[in-house]
Amino acid sequence: MQSVKLAVSALALAAASATAAAARDNVQVAGSSTVLPYASIVAEAFGENFDFPTPVVESGGSSAGLKRFCEGVGENTIDIANASRAIKDKEVKACADAGVTDIIEVRIGYDGIVFASQKTGPEFTAFEPADWYNALAPKVLKDGELVDNPYTKWSEFNADLPDVEIAAFIPGTKHGTREVFEEKVLAAGCEATGALEAMIASGMSEDDAEGACISVRTDGKSVDIDGDYTETLARIDSNSNGVGVFGLAFYENNTDKLKVATMSGIEPSTETIASGDYPVSRPLYFYIKKAHIGVIPGLKEFAEFFVADEIAGPDGPLANYGLVSDPELADTQAKVADEVTMGESM
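Residue numbers for the sequence shown, in mature numbering (1 follows the signal peptide of the UniProt record, and there is no 0): -20 to -1, 1 to 326.
Listed below in structure tokens is the structure:
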């Protein structure tokens, strides 16, 4: 993990001493493996520059982090949940049912979902969402009929793709990355191939058809990775035909081992994600338990530090690591400073 040392005066952030009455004196964070590297960088810098202990940052996935976040209020529960997707209505309800009623949503920037393969393996270019749907769906549209997926090689449905066995390593269902992959790749591909329309025409309800669009085959061509991106990388290291789904930052830190594919003709980069040209990207968040502000020493200071221009801005260390800075970062800074909770207006 790279070390980031910053002069506090340059940030113009006042660090209060850790004197709040609490049994726990450090901020505790859990959640998305995609947000983890950014949060760890910020936690390290915060510990070096402020008169507070270094926050404890754990991974586990967006859903798992939000589940822990929603367990209740108190020193035995975490203060912040990192997420590579927005919190769901059912999670907000679960929080409220457990007494977590005031939640501050903080968008830190954007990340791209990239498709990458072994550096010395076949060239996977010219991907479209339809290719991933045809590769992974249990049923596909062929000759106008919905049939059990017969495809074993990428070239069988797209001659511009390699004539190699399909071996896809995708995020498991507990990862926020999986939801973006389902929505912007599988669901989009299902519609593009005509499979969605065919499912509805066959008598399926729209909801059932949409659910079927994001299901994946279970014959070994698609493998769920429940661990972090390092596990996906290990699978590709041992399979020259493998293609994995990664976050942009992880790919950019492993370009010596991986080569990236285009999606809809666009190569993922900070520039193409910030411009909106790259089609598979997502906002990254963390959620703060407002009831813990003023009780857990350093919680608000850590949140303000995280979204400061010098940290999360386009010239900050998070951008150097791969985060695409949020064009509306100033609004987020104001929201954190004013402790504006979800549902409140600024």
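Don't be surprised by glycine CBs; every beta carbon is placed ideally from N, CA and C. These figures come from a predicted structure and were not determined experimentally.
Can residue i and residue j be called in contact, C-beta distance under 7 Å?
i, j, result
"V232", "G302", "With the sequence shown as reference, residue 232 is identified as Glu, and Val is not the correct amino acid for it. Yes, the Cβ-Cβ distance between E232 and G302 is below 7 Å."
"G156", "D206", "no"
"E55", "A78", "no"
"F149", "A241", "no"
"A192", "L121", "no"
"L116", "A178", "no"
"I246", "D257", "yes"
"Y113", "T173", "yes"
"R65", "E159", "yes"
"K280", "I273", "yes"
"P118", "R197", "yes"
"G278", "V53", "no"
"M243", "F107", "yes"
"F286", "V9", "no"
"G92", "I253", "yes"
Under a three-way DSSP split, which group does residue i fall into?
i, result
"F226", "strand"
"D91", "strand"
"L303", "coil"
"L141", "coil"
"P294", "coil"
"G323", "coil"
"I273", "coil"
"S39", "strand"
"P33", "coil"
"residue 337", "Beyond the ends of the chain as shown, which are -20 and 326, falls residue 337; an answer cannot be given."
"A106", "coil"
"A2", "With a pLDDT of only 46 at A2, under the threshold of 50, the placement of this residue in the model should not be trusted; the figure read from the coordinates follows. Reduced to three states, the DSSP call for A2 is coil."
"A76", "helix"
"N129", "coil"
"P17", "helix"
"A61", "strand"
"A167", "helix"
"I67", "coil"
"A117", "coil"
"E97", "Reading the sequence as shown, one finds Ser at residue 97 and not Glu. Reduced to three states, the DSSP call for S97 is strand."
"residue 332", "Nothing can be reported for residue 332: it is not among the residues displayed for the chain, which extend from -20 to 326."
"D311", "helix"
"A288", "coil"
"E55", "coil"
"residue 332", "Residue 332 is absent from the structure shown; the chain starts at -20 and stops at 326."
Once the 5 residues before and after residue i are set aside, which same chain residues still bring their CB inside 7 Å of it?
i, result
"A317", "E284"
"residue 353", "Outside the shown range of the chain (-20 to 326) lies residue 353, about which nothing can therefore be said."
"E165", "It should be noted that the sequence gives Val, not Glu, for residue 165. Answer for V165: P109, W112, V260, listed in chain order."
"P142", "P102, E103, F104, W134, S135"
"D311", "none"
"V144", "P102, K133, W134, N221"
"K239", "A96, S97, K99"
"F161", "I93, I150, P151, V225"
"E308", "none"
In chain order, what residues of the same chain lie with their CB nearer than 6 Å to the CB of residue i, ignoring the 5 residues before and after it?
i, result
"D111", "N138"
"G27", "T34"
"S220", "Q98, G101"
"G11", "S42, G45, A61, N62, A63"
"G169", "P109, A110, W112, Y113"
"C75", "C50"
Note down, in chain order, each residue of its chain lying with its Cβ closer than 8 Å to the Cβ of residue i, except the 5 sequence neighbours on either side.
i, result
"A147", "K201, V203, N219, N221, G222, V223"
"T250", "L228, A299, G302, V304"
"R215", "F149, V203, I205, G222, G224"
"E163", "I194"
"V72", "I83, M322"
**Message:** Measuring CB atoms only, is the stretch 84 to 94 touching the stretch 28 to 39, in the sense that at least three cross pairs come out at less than 8 Å?
**Reply:** With a cut-off of 8 Å, the stretch 28 to 39 and the stretch 84 to 94 do not count as touching, because too few Cβ pairs lie within range.
**Message:** Is it the case that the stretch 257 to 267 contacts the stretch 56 to 75, given that we only count it when at least three CB pairs across the two stretches are under 8 Å?
**Reply:** yes
**Request:** Would you mind listing the alpha helix (DSSP H) stretches within the stretch 196 to 270 that are 4+ residues and don't spill past its ends, in chain order?
**Result:** 209 to 217, 228 to 232, 250 to 254
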